[in-house]
Amino acid sequence: MTETAQRKPAYRRWWFWLLVLGLVYLVTGFGLIPLYLSSALPERLQQHLGWTAEFDEVGFNPFTFSFSVQELSATDPEGERVLAAEELQLNLGLIDLIRGTIHVEHLELDNPFLRVDLLEGNRLNLIEDWRNQQQAGDDPSGDEGAEQPLPYHVVLDEALINGGRLRFRDFTNGASGKSREIVVESLGLTLSDVTSREREEQEPGEYTVQAVMGEQVLDWNGTINLVPLWSNGRLSLSNVSAETLQQWLGRHLPWSLQDGRLSLSTAFQFAYDDQGAALATRNGQVTARRLALADPDKPEEILASAGNLTLEGVAFNLEGPELVVSMIEGEELHLNAIMDQEGQLNLTRPLQDMGGDEDDGSRPGLGFRWSVGNLALSNSTVDWRDNRPPSPVEATLQDVELNLGAMTEQLEEPISYQLRAALAGGGSASANGQFTLHPLTFEGGVNLDQVVLAPFNGYVQQVSQLQINDGTLNLAGNIDIDVQDDPLTGTFSGRASISHFNGQLPDEDEPVVVWRELRLDPVEYNFAPARLEIGSVTVSEPELNVINYRDRPHNVTRLLQPVIPDNGAAVEGDAAADDDDAPNEGLIFRLGQLELASAEIRYTDHIPQPTFRGRVHDLEASVSNLSNITPQEGQFNVRATVDDSGKLQADGTIATLGTDNPSRLSVTVDGLSMPVLNPYFAFYLGYRVDGGKLSSDGNYTLRGTRLESDTTLTLDRLDLGEATQSDSSVTAPVRLGLTLLRDDDNRITLDLPVNGNLADPEFDLGPVMMRTFRSVLVKTAMSPFSLLGSVVDLAGFSPEELGEVAFLPGETTLVMGEYTKMETVARALKSRDGLVLAIRGKAIESVDLPVLESGLEEGETLPEQSLSNLASQRGKTLKSLLVEEYDVPPEQIFLKAQEVLPGEGEAGQVAIEFQLEAR
C-alpha cells in the first residue's frame, strides 16, 4: 500500500503570507489610508499653514501610490477662502517618503482657486502662513527670531493646473489703506523638477503659466528654485487695460493713465528672502495703443495721447525703484500743452513730484529713478495755449517729427532734441539743441519758415495794441531761454524777416502799418536784462497810416502801448512800484542801420472840417547808429514826395534814445501844390485855395518830448478861392493880410517859430503851424500899414503915420510934408497891385467951418453944402494926386462917400485916414 505525502499548512507557505500582505495592503490602501487622509489632511493643513480644509472624498491607489481629493476647499485663519479645487490628483514616491522626503511625482488640479496676497514688506500670505505655523511650534527656549528648518523636504517632478483661477491682492498701497486686486481666469500651469532642498549643481525647476483676464492675456515661463526662492524667465502680457495699469503702477508714474491698451514682453529675475522681495526685468518691449495720460490732480484733462507707442529695451528694478527705457517710438501722439499765468507748464508739473534724492521724503513718489535713451515721435500734433498774455495765444503744430536724446529723473540734466513740424495756421518750424524739464529751459537752433503771425497776437498785445491781420515770419538763429524764470531770461541771435505784414488797431477800419518785407540781420536779443542789438533793418514798401482824432491823440501812439488786461489798474500799480525799486531796468537798444525803400505815410487829420488827407510817398530813408546808451548819436537822411507835387528832404542827428539830449533835424519841402491844403485853409482861414505852391525850410530841435522849431514858410502865388463856413475861421480881412505879405515876386515868406511838448495830447505840429500862420495873417490884416516897412522905404514915417494924411483947415491943400507921405503910399500901392486904397473925404465942422466963414464978405453966408463939398473935394484931391502925380493905377484907388463930422480935430489940420483892402 502506497503512503500518502503530508501537505504543509497554507499559513506556512510564503505565498500565503504574500497574499495576506497583499490583502492587507489593499485594505489599507483602498480603505484605511483614505480614512486616515480624511482626518490627517485637514490636520496637516491646519498644523503647517493654519488653514481649515474641507473636501467631499479622498481616494488612494496603493498600486500607483496616488491620491485624489474631490471638491477641496481651504480657508486661512481669518476665515477667507485661500484654496479650492474640483479635483486634486497626487502621485507620491513611496521610497522617498519613507526616507522623509515628500516626492510628488505628479500633481494635477482641475479648476483650482488660489488666493495670493502681497502684504506689507512685500511678504506673501502663503509663505507667511507657513512661517507663522512653524514659529508657533518652536521650542520656547530656542532663539525666538531663528529660522527653523523644515521637518521634511518636498520634491515635485510634475504639476499641472487646468482652468484655474487666481485672485491676487496687493496690500502695500501705503497710507491709503486700500488694497488692489486682480482676478486671473482660465489659468493654466505646468511645473516640473521643483524641490525644497538647497541645491547647487542640479538644474532648477521649470514652469509655464497661461492666463486670460478678459481681453488681457498672460504668458509666463521660466525656471524656479524654492530654497532660496528665486525665478528667472520671461513674461508676456497682451492687451492690458489702462485701468489695470493705473491700479498697479499708478503710484510709480508721474501721470494718470486714462485710456488705452498695453502689451509687454520682458525677461525677469525674482528672488525672495529675509530681506524681502527683489524683482528685475530686462530686454523688455512695451507697445501701447490709444494711450491717454492725464494730470493725477486733474484726471478729466488729457495731457497726452498716442495712437501707437513702442518702448524698446525696457528694464525695471524694484530696488530703487528704477526704470530704464532704451528707445521710445510713437505715432499719432497728441500733446495738450498749457502754460498758466504763473509760467507753469501742465505737462511738466507732475514730473516735479518725481525724482530727487531717495532720502528726501518731503514729497510723495520721491526716490523713483528713470531714464530714457531715445524718443522718436512721428505724425504727431501739439496744441499750445499760453495764458500769460492779455489774450491767450493758441497754436497747433501738425505733422510733428521729434527726436529726444537721453533723459532721466534728474530734470535739470540737458536733453538733446530735433524737431520738425507744420503750423496749422500756416508755416513750418524746425529746431535742434537741448533743453531741461525743470526748470524749463531751451537752447539750440531754431528755424521758422513762412509762419503766419496772426495766431500770436496775444504776444504782440504785451507791448502794443496792434492787431496783426496778415504777415509771415522767417527766422533762423540760436536761442537760449529759461521759460519758468521771472522775469524770463535767455538770449537769441540770428536773423529774421517778416513779409506781407498788415497790422490794424482794433477800432479802425484800415491798416495802420503795412510793408512788403522787413529784414533784420543780424539780431541779438537778451531777455533779462532786456537788450536788443540789430545790425541792419531793411524795410521795403512800408506804409504807415497816421490818424489825428479830434478827441484823442494820434493812433500811432497806441502802437507803443500794451493792451491793459481787465485788472490793468492793479498791474500798473505793481509796475510802478517795481519801477521805483529798480529805475534803471529797461531795454538796452542798438541799431546799426535802418533802410526804408518805397515807403509811404498817409496822414488823416479829423480836426479840420472837411477832414484833411495827405500822403508822403516814394520815401527813401536811411538811419544809422541808433541807441539808448549814451553818448551814442544817430544820423538820418530822408527823401520823399509829398502829395505828388512837393519834394521832401530831411537830414539830421538823433540823440541817445530815451534821454533829453538834443536831436536836431533840418527839413525842407519844395513845390507842394497848395490846393491839397484846402481843408486847413477852409477850417482856419475860411477860404479855399485855388492855386499856389508851398515850400518850407525848418530846423527842429527835440529834447526829450520838448520841440523847438524855426520854420521859414514860402507861399508862391497863393490864390484864395471861395469863402467857406467854419467855426474856427477868422473874421479879419484874410485876403488883405495875404496881399500885404506878398513880395514883388508874388511870394509870401513867413517865419513860424513853434514850440511845444509832443507828449501833450493837444499838441500837433500841423495844426499848431496853421494856427500860427492864421495869427500872423490876422495881425497883418488888422494893422496893414505895419507891414509896408518890409515892402518899401517908409521915408522916415512910422506905420501909424502912413495910415492917414492931414489937410489944412478949410482947404484941399495938404499940410507941409504930407506929399512925401503920399509918395511913399503910392510906391507901396504900385508894388502890391492886389492892394486897394479906400479914401473917404472928411470935413470937421469945428475946424473947417471957422476958416470958411472967415473968408466971406460981409453979409455973405456959406452955401448949405460947403462942408460936404469940402470933404468930397479932399478925397478927389488925394485920388488925383496918387493917380496923376504918382502913377498909381486908378483901379487901386476907391473913393468912399464923404463925411462931415461935428467933432473936434487937431488944431490947424484935418486928418483923413486911409483904409487898405485887397481886391
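Everything in the sequence shown is counted per our numbering, starting at 2 for the first residue and increasing by one. Ideal Cβ positions, reconstructed from N, Cα and C, are used throughout, including at glycine.
Residues that residue i bridges to, as DSSP identifies them
i      : result
TYR526 : PHE493, LEU533
LEU161 : GLU109, THR191
MET340 : LEU346, ASP387
THR669 : GLN650, ASP698
GLU621 : ARG640
ASP606 : ASN549, PHE613
GLN916 : ALA839
MET408 : VAL373
THR712 : GLY699, LEU753
GLU819 : Looking at the DSSP assignment, GLU819 forms no beta bridge with any residue, so it has no partner.
ALA86  : LEU73
TYR418 : LEU405, GLY434
LEU953 : Here the chain has residues from 2 to 920 only, and residue 953 is not among them.
LYS897 : ARG841
SER257 : ALA295
GLY234 : GLY223, PHE269
HIS104 : VAL156
Residue i versus the options, residue with shortest Cα-Cα distance
i      : options                        : result
VAL184 : LEU236, PHE114, GLY426         : PHE114
ASN470 : SER537, GLN594, ARG124, LEU506 : LEU506
GLN411 : THR437, ARG559, ARG553         : THR437
THR715 : LEU751, TYR688, THR773, PHE684 : LEU751
ASN1   : SER372, LEU292, LYS299         : A question about residue 1 goes unanswered here, because the residues of the chain that appear run from 2 up to 920.
ASN226 : LEU258, THR245, SER193, GLU244 : SER193
VAL884 : LYS694, ASP450, GLU900, GLU824 : GLU824
SER494 : GLU511, LEU376, VAL524         : VAL524
SER674 : GLN866, VAL690, ARG640         : VAL690
TYR648 : PRO663, VAL617, SER625, GLN633 : The question names Tyr, yet the displayed sequence has Lys at residue 648. The candidate whose alpha carbon is nearest that of LYS648 is VAL617.
GLU413 : GLY344, THR349, ARG283         : THR349
SER429 : ASN758, ASP111, LEU398         : LEU398
LEU119 : GLN134, LEU157, GLY80, GLU182  : GLU182
PHE528 : HIS555, ARG45, ILE589          : ILE589
GLU87  : SER67, TRP131, GLU109          : GLU109
ASP483 : LEU879, ASP717, LEU441         : LEU441
THR492 : GLN466, TRP256, ALA531, GLY504 : ALA531
PRO390 : THR173, GLY434, GLN342, TYR418 : GLN342
THR702 : ILE749, LEU167, GLY757, LEU739 : GLY757
GLN636 : THR642, SER664, GLN650         : SER664
PRO488 : LEU476, ASP481, GLY344         : GLY344
LEU280 : PRO297, GLU204, PRO322, GLU301 : PRO322
SER417 : SER799, LEU917, GLY374, SER855 : GLY374
ARG170 : LEU917, ILE103, THR245         : THR245
GLU812 : ASP849, ARG559, ARG828         : ASP849
Nearest-angstrom beta carbon gap, residue j and residue i [assumed within contact, 8 angstroms]
i      : j      : result
SER847 : GLY904 : 7 angstroms
ASP387 : ALA423 : Incorrect: roughly 19 angstroms between the Cβ atoms, too far for contact.
PHE915 : GLU805 : 6 angstroms
ALA305 : ASP260 : That belief does not hold up - the Cβ atoms of ALA305 and ASP260 are roughly 11 angstroms apart, past 8 angstroms.
GLU72  : PHE56  : 6 angstroms
ALA278 : ASN126 : Their Cβ separation, rounded to whole angstroms, is 13 angstroms, which puts ALA278 and ASN126 out of contact at 8 angstroms.
LEU719 : TYR688 : Going by Cβ atoms, the distance from LEU719 to TYR688 rounds to 10 angstroms, so no, they are not a contact pair.
ILE913 : LYS843 : 5 angstroms
TRP516 : VAL540 : 5 angstroms
ASP77  : VAL83  : 5 angstroms
Stretch pair the segment 495-502 + the segment 459-466: three plus CB contacts closer than 8 angstroms
no
Cβ pair count under 8 angstroms reaching 3, the segment 608-626 against the segment 673-682
yes
Check whether the segment 273-293 touches the segment 301-316, taking contact to mean three or more Cβ pairs, one atom from each stretch, closer than 8 angstroms.
yes
Touch check for the segment 251-261 and the segment 269-279: three-plus C-beta pairs under 8 angstroms?
no
Can you find at least 3 beta carbon pairs, one from the segment 690-708 and one from the segment 732-744, that sit closer than 8 angstroms?
no
Can you confirm whether the segment 377-394 touches the segment 327-334 when touching is taken to mean that 3 or more C-beta pairs between the two stretches lie within less than 8 angstroms?
yes
Contact between the segment 693-704 and the segment 658-670: three or more CB pairs below 8 angstroms?
yes
So, do the segment 829-849 and the segment 737-749 have three or more beta carbon pairs nearer to each other than 8 angstroms?
yes
Within the segment 275-322, note down every full beta strand (DSSP E) run reaching 3 residues or more, in order along the chain.
277-296, 299-318
For a minimum of 4 consecutive residues, which ranges assigned as the alpha helix (DSSP H) are wholly contained in the segment 827-883?
846-855, 867-881
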